[in-house]
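Numbering (full-length UniProt numbering), first residue to last: 1 to 309.
Just so it is clear, CB atoms sit at the ideal spot from N, CA and C, and this is done for glycine as well.
Computed from a predicted structure; not experimentally measured.
These notes concern the structure reproduced below.
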């Protein structure tokens, strides 16, 4: 199989960013408990009647905008854009919100992050935005690894958060170029260093190899569904790869059935699925209802233009 053409790559860049946003927006109403779901009913639709996305997409766009403006990974610029883009109604986690508010007041992001999380946050906030790095540095694994680590540390410096972000970014980069589920999961097992990720990737590999579709409870029990990176990153990767040749909405139904951190797992899975299938595979009716669709498409276009792909 030859390398994808520039046109195919552009289509997949758009599929990745729009898949991320769509998974985020469609997953958000299922997020959290009763109070969280009631709140999202109030803020989850724009004045124009479009589906709102959450901090997952906002921070991904902030990251893409920085890459486009600088032409490289510049954590000081990225941190500033994260802080400027903060809006409570996007559903930011309380810890990340504290970090970003401190940065907005002029505190260095390194100081702010450690002040809020002395040991580093182990959440999936670094992973949810890492597909953008996977697009930018696809085919350059060493650079990708370094960039993911640096960008994750702005808000999520725990080793589990960093490795989870690396796995999601790597899955995106691999799906972009050669969307073969078994090959991708095998490569990710070579990338993983922490025991928890090695164990869960092995479970995912066994399920994929056997063609199994475990019940939602078994999926959540085996791979996790919480906001911890170690309980959501492999989950999103497995679901994306399991449904890679099936409709996008079928994949998201699996995400919703597994429960937990549905918007972020949906965003990460949506990014990987979109990187493999392109924008043409995304459901048109839902895309038409997505807020700032044109902005997302333009960001994907400019990000693609900034790469060697």
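Who are the Cβ neighbours of residue 303 in its own chain at under 8 angstroms, not counting the five residues just before and after it?
-> 13, 17, 64, 67, 68, 132, 135, 136
Where the alpha helix (DSSP H) through residue 304 begins and ends | 293 to 305
Could you give the DSSP three-state label for residue 167: helix, strand or coil?
-> helix
Please work out which residues of its chain come closer than 6 angstroms, Cβ to Cβ, to residue 103, disregarding the five sequence neighbours upstream and downstream, and give them in chain order.
-> 79, 83, 109, 112
Hey, is residue 75's beta-carbon within less than 9 angstroms of any beta-carbon in chain B?
-> No chain B appears in this structure, which consists of one protein chain only.
What residues in its chain sit with their C-beta under 7 angstroms from that of residue 244, if we drop five residues either side in the sequence?
-> 179, 181, 273, 276
Just curious, the alpha helix (DSSP H) that residue 235 is in, first and last residue?
-> 233 to 242
Could you tell me which of 90, 210, 127, 107 sits nearest to residue 242, measuring between CA atoms?
-> 210
Work out the CA separation of residue 226 and residue 156 for me, nearest whole Å.
-> 16 angstroms
At least 3 beta-carbon pairs within less than 8 angstroms: the segment 114 to 129 vs the segment 146 to 161 | yes
DSSP beta-bridge partners for residue 123?
-> 228
When you compare each of 94, 27, 120, 138 to residue 52 by their alpha carbons, which one comes out closest?
-> 27
Confirm, please, whether the CB-CB distance from residue 262 to residue 30 is below 9 angstroms.
-> yes
Cβ pair residue 11, residue 57 closer than 9 angstroms | no
Proximity to residue 183 [Cα-Cα], best of 195, 170, 193 = 170
For residue 264, does the three-state DSSP call read helix, strand or coil?
-> helix
Got a sec? Which residues, its chain only, sit under 8 angstroms from residue 85 by beta carbon, not counting five neighbours each side?
-> 58, 59, 61, 62
Closest by CA to residue 22, which one among 297, 309, 301, 305?
-> 297
Inter-residue Cα distance where the pair is residue 309 and residue 71 = 14 angstroms
Rank 305, 294, 295, 289 by C-alpha distance to the C-alpha of residue 49 and give the top, closest one.
-> 289
Where does residue 51 fall in DSSP's three states?
-> strand
According to DSSP, what are the bridge partners of residue 290?
-> 51
State buried or exposed for residue 35, treating a residue as buried only when at least 16 other CB atoms are found within 10 Å of its CB.
-> exposed
Of the residues 204, 196, 270, 5, the one placed nearest residue 246, counting alpha carbons only = 270
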